[in-house]
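Laid out in C-alpha cells, this is it:
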C-alpha cells in the first residue's frame, strides 16, 4: 500500500502535519553485513573507480536502495547518505 493511499483520508492541518512522518519513523532499509561495512567506509566521498569490483557491485545495490548517491557521469563520485 502506498503512503498516498494511507494518507488519502487525512486532512493536512497543523495538528496532523507531523503525524505523516510518524508513519515512517519505524521504517528501516535492510542491508547485508557487507553493505553495512561498506557504508562505514564511505564516510567521505570517493571515486567509484577507486573501489574494488566487489565494492562497486555493493555500491550499485546501495544506490538502488537510496542509501548512497552517485554524483557525476564521466568519473562518478560515490557519496554515502548521512542516515542509513
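In my numbering, the protein residues as written are -5 to 78.
Just so you know, even glycine gets a beta-carbon here, dropped at the ideal spot from N, CA and C.
Anticipated Cβ contact below 8 Å, residue i with residue j, distance rounded
i	j	result
residue 34	residue 52	The Cβ separation is near 12 Å, so there is no contact.
Beta-carbon proximity check, residue i vs residue j, cutoff 8 Å
i	j	result
residue 41	residue 63	no
Cβ-based neighbour list, residue i, same chain, cut-off 7 Å, excluding 5 preceding and 5 following
i	result
residue 55	29
residue 66	none
Nearest candidate by alpha-carbon position, reference residue i, set the options
i	options	result
residue 57	43, 47, 74	74
residue 47	61, 32, 60, 39	32
residue 37	66, 69, 68, 61	61
6 Å Cβ shell around residue i - same chain, five flanking residues per side excluded
i	result
residue 43	none
Residue i in three-state terms, based on DSSP
i	result
residue 64	strand
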